[in-house]
Amino acid sequence: MFRHTLKRVARGALESLRRVFMQEHVFMVVVACVIGYFTGLCAVIFKWMIQGVHLVFLKEFFNRASTGSSLWLLLVPVSVGLGGLIVGLLNHYFNPSREGGGLAEPMKWAAVDQGRVPKHIIWFRPIASAFTIGSGGSAGREAPTVQIGAAVGSLVSGIMKASSERRRLLMGCGSAGAIAASFNAPLGGIVFALEVVLGDFNIKVFSPLIFSSVIATVTARHLEGDVPAFKLPAYTLVSTVEILFFIILGLAAGLVAALFYKTYLDIGDKFKKLKIHPILLPAVGGVLAGSFGIFYPDALGSGYDGMNKVLNGQMLWHMALLLVFVKILLSGLTLGSGGSGGLYGPSLFIGSMVGGAFGALLNYFFPGLTGSAGSYALVGMGAVMSAVGHMPMTNILMTFELTNSYQIVVPIMVACISATVAYAFFCKNSLDVEILRRMGINIWQGRESSIMGSLFVRDVMNTEFDVLREDTCFRDILGIMAKSKAYYFPCVNAEGRMTGIISVQDIRQFMLDEELADVVVAKDMAAQKVLFLMPDDNLNDALEKFSLRDLDELPVVADPEKKIAVGMLRRKDVITAYKKAVIQASA
């Protein structure tokens, strides 16, 4: 009797648990906890990988140099260059799309790919970024960690065969856990995922993000101890006049952020123009960065040692100011050449140096009115990152979380907003959004536009097409058109250069006059002002040109100067490609 009652109670309890877990929000919270655990684990392992590579590649050189053997420093460029070469090989063989290690990719995966992350990211990104950062390349580990967390979320959603909405949310859970584990700051991870990755403050997403961030933080603390990301000074607001100083700091941080934006993009553009095999580009950038690193070792790698120095007042103001420009240059060389890493870390480093130098000067001129230089370095970190990434909420809350001080809230708020406003005066987009825009993806114009922007003419164009020589007579043109399914025919000269284009519509006026059959040639009928596309144009660009003259087909040329046609793009093929991409993204 007792056994029978016990079984009935057990069955009832299991049924109750089943009903609870079958509820949507409870189920998603449980899955988010799983994602948080594995993201925290991966974040710590990734950090250990960077430390291991650094130990093998770089640390010994500086240790020996500190004992008097300065010649060992000459091997620093070799170390960074070797790390770049390894990354170049990894990119060539395992990452042909050349996706970078920054935050632009997670933003794209969320906005365009509906939370679907390429499967190789979960193993490729930690290896490539560990070699870049560990060997001395100037890059941050935070953005690659976000990519790893996003990949964990995408992998779990794939196992579950989740819908696109769930997949996107779970990818966000991985991103939130990644930032939380990196900075030991669960609140910062939540706001980061909402503000940057998902761009969605819907109340439904909060619970999974909270649990993922908390579990990731707890996992990281269990493995590494409850150690803060930075050795922060105690902060106190000495006088109300300091608010004005923090506004000025924010404006200066915004200007520096704009300089970082333009320098990074310019260096990247120059590397793309170099006639060097893509495998070697990261090595070239690494050697150049390492050459500067001989003299400024604090600017190498993630820069956490340098940040801790300036946060605790252990760096002279003029050295901190110099490191601002050195770090901007080294980050551009490392990442612009194809290194694997993010811009989050360099932005924090640059901001800390701006704030540290500014704070030290204020301490000299206004000793009784200002707090420590370290407190200005801390606010500067958040200000530059707010501007570069357009993420003021994340940095305001994360700074508060890292310091556990209410007194930091007002200074960090005014500095972050001032920096963002000053930056926006010179740069329209955040650096990551601009990287996406150059790829043809505008995440603020809706999913449809983003999908079209992620597709390229080279992937859709028809490479088998008919052309007409300029001297082809009308009778022969009719014969060619009768055998072809095309409606538009590029007209080319003896050198193969396109000089015009003929459509089926253009020949109608000549068809009724038989006397013209052997007199009129292609050159006489061709439209001279030809709109054309290039293989690297995206389909948004193609649709704009189709709409300009209500055309159904456009020629594609590889070189706008030579105008040699390499393909034809039809409007209906663009629509078909878009529909296929939508189906794949929603699957």
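Each residue of the sequence shown is one higher than the one before, starting from 26 at the first, in this note's numbering.
The C-beta atom is built at its ideal place from N, Cα and C for all residues, glycine as well.
The model shown is predicted, which means the values in this text are computed figures rather than measured ones.
Report task. Pull up the distance between the alpha-carbon of tyrosine 321 and that of alanine 583, whole angstroms please. Result -> 43 Å
Query raised in the report: Taking C-beta to C-beta, are alanine 175 and tryptophan 134 nearer than 8 Å?
Result: yes
**Report entry** From Ser509, Ala129, Pro392, Glu520, residue whose alpha carbon lies closest to that of serine 264
**Finding:** Pro392
Report task. Would you tell me roughly how many angstroms separate the C-alpha atoms of glutamate 578 and glutamate 569, rounded to the nearest one? Result -> 12 Å
Query raised in the report: Per DSSP, which one or two residues make a beta bridge with arginine 595?
Result: Glu578
Query raised in the report: Going by beta carbon distance, what residues of the same chain come within less than 6 Å of glutamate 426, once the five residues before and after it are set aside?
Result: Ala210, Leu212, Gly213
**Report entry** Within 8 Å, strictly: CB atoms of threonine 244 and glycine 65
**Finding:** yes
Query raised in the report: With a Cβ-Cβ cutoff of 8 Å, do methionine 410 and tyrosine 369 count as a contact?
Result: yes
Requested in this report: Could you pull the start and end residues of the beta strand (DSSP E) that methionine 523 belongs to?
Outcome: 523-528
Query raised in the report: Quick one: what does DSSP say proline 417 is sitting in, helix, strand or coil?
Result: helix
**Report entry** Residue range of the beta strand (DSSP E) that includes valine 545
**Finding:** No beta strand (DSSP E) holds valine 545; DSSP gives it neither H nor E.
Query - Residues of its chain near leucine 336, where Cβ-Cβ distance is below 8 Å and the 5 sequence neighbours each way are ignored - result: Phe255, Lys256, Leu257, Pro258, Ser377, Gly381, Gly399, Ala402, Leu403
Report task. Return the chain-ordered list of same chain residues with a C-beta closer than 8 Å to the C-beta of leucine 42, the five sequence neighbours on each side being excluded. Result -> The pLDDT assigned to leucine 42 is 45, lower than 50, so where the model puts this residue is not dependable; a value taken from the coordinates is nonetheless given after this. Answer for leucine 42: no residue qualifies.
Query raised in the report: Where does leucine 284 fall in DSSP's three states?
Result: helix
Query raised in the report: Whose C-alpha, out of Thr445, Ile442, Lys229, Gly311, is nearest the C-alpha of valine 103?
Result: Gly311
**Report entry** phenylalanine 481 classed as buried or exposed, judged by whether at least 16 other C-beta atoms fall within 10 angstroms
**Finding:** buried
Requested in this report: Measure the alpha-carbon distance for isoleucine 173 versus arginine 166 and round it to whole angstroms.
Outcome: 11 Å
Query raised in the report: Among Val591, Lys300, Asn563, Leu80, which residue has its Cα nearest to the Cα of isoleucine 600?
Result: Asn563
Requested in this report: For alanine 282, I'd like the list of residues in its chain whose CB is within less than 7 Å of its CB, leaving aside the five on either flank, ordered along the chain.
Outcome: Val409, Ala412, Val413, Ala444, Tyr448
Requested in this report: Could you name each continuous alpha helix (DSSP H) segment of 4 residues or more that falls completely within the segment 283-356, going from the start of the chain to the end?
Outcome: 306-318, 329-336
Requested in this report: State buried or exposed for histidine 79, treating a residue as buried only when at least 16 other CB atoms are found within 10 Å of its CB.
Outcome: buried
Query raised in the report: Got a sec, what are the start and stop residues for the beta strand (DSSP E) valine 517 sits in?
Result: 513-517
Query - Residues of its chain near serine 528, where Cβ-Cβ distance is below 7 Å and the 5 sequence neighbours each way are ignored - result: Tyr512, Tyr513
**Report entry** With 16 other Cβ atoms within 10 Å as the buried cut-off, status of alanine 519
**Finding:** exposed
Query raised in the report: Using a Cβ-Cβ cut-off of 6 Å (strictly less than) and excluding sequence neighbours within five positions of valine 446, which residues of its own chain qualify?
Result: none
Report task. Write down the C-beta distance between alanine 308 and glycine 113 rounded to the nearest angstrom, noting that I regard them as a contact closer than 8 Å. Result -> 6 Å
Query - Nearest-angstrom Cβ-Cβ length linking leucine 306 and serine 362, presumed shorter than 8 Å - result: 5 Å
Requested in this report: Indicate the three-state DSSP secondary structure (helix, strand or coil) for arginine 494 in the structure shown.
Outcome: strand
Query raised in the report: If you run the structure through DSSP and keep just helix, strand and coil, what is glycine 614?
Result: There is simply no residue 614 to check, as the chain begins at 26 and stops at 612 in what is shown.
Query raised in the report: Who are the near neighbours of alanine 241 in its chain, counting only those whose CB is closer than 6 Å to its CB and skipping five residues on each side?
Result: Gly61, Thr64, Gly65, Gly202, Ala205, Ala206
Query raised in the report: Is glycine 367 helix, strand or coil when you go by DSSP?
Result: strand
Query raised in the report: Is asparagine 563 helix, strand or coil when you go by DSSP?
Result: strand
Requested in this report: Spell out a yes or no on whether the segment 580-595 and the segment 497-507 are touching, meaning 3 or more CB-CB pairs, one atom from each, closer than 8 Å.
Outcome: no
Report task. Leaving out five residues on either side along the sequence, give the residues of the same chain with a beta carbon under 8 Å from the beta carbon of leucine 39. Result -> Unreliable placement is indicated for leucine 39, whose pLDDT of 49 sits below 50; no coordinate value is reported for it.
Query - DSSP-derived helix/strand/coil call for isoleucine 600 - result: helix
Query raised in the report: Within 10 angstroms of its Cβ, does valine 439 collect 16 or more other Cβ (buried), or is it exposed?
Result: buried
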